[in-house]
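Some notes on the structure that comes next.
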Amino acid sequence: MALEDIHNYYEDLVQHYIRALELDRTRDADYLADLCCLVLNQLPAHYIRYTVDMAYFTSDEKRHEMEERVIYAVTSAISWLDNEEHRRDHREEQ
92 MALEDIHNYY EDLVQHYIRA LELDRTRDAD YLADLCCLVL NQLPAHYIRY
142 TVDMAYFTSD EKRHEMEERV IYAVTSAISW LDNEEHRRDH REEQ
């Protein structure tokens, strides 16, 4: 077994949702990295070896629940990152 084959399925969902929102086109790499960290820290780990397994071994209800969790976590993280006070604090740290 190759350990590099194992990954957190939520990472796939988060990246897909970020692309769907086109944030990868409107935000810089630092923002996206911060966003991904904030989002993934709000979500449970769900490790898999093959993404295709999710189609066979996860119910539609469970997949929908996972997608809803991602939407909520991304929305919350964007709100926090876009908060003017946070941007000001971040600039002062640099």
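Mapping of the sequence shown onto this note's numbering: position 63 corresponds to residue 154, and the numbering continues sequentially without gaps. Glycine included, every Cβ here is placed at the ideal spot set by N, Cα and C. If you're wondering where the values come from, they're calculated on a predicted model, not measured in any experiment.
For residue i, three-class secondary structure by DSSP
i    : result
N132 : helix
I139 : strand
S170 : helix
A93  : coil
Residue i versus residue j - alpha carbon distance
i    : j    : result
S167 : Y147 : 30 Å
H107 : V130 : 13 Å
I97  : I139 : 6 Å
T149 : A164 : 21 Å
L112 : R118 : 11 Å
E152 : L126 : 26 Å
D144 : N174 : 38 Å
R160 : A93  : 29 Å
A124 : E158 : 20 Å
Y141 : L104 : 14 Å
Q133 : L172 : 14 Å
N99  : P135 : 9 Å
A120 : E156 : 28 Å
R110 : S170 : 17 Å
Delimiting residues of the alpha helix (DSSP H) encompassing residue i
i    : result
D119 : It is not in any alpha helix (DSSP H) - D119 carries neither H nor E in the DSSP assignment.
I109 : Y100 to A111
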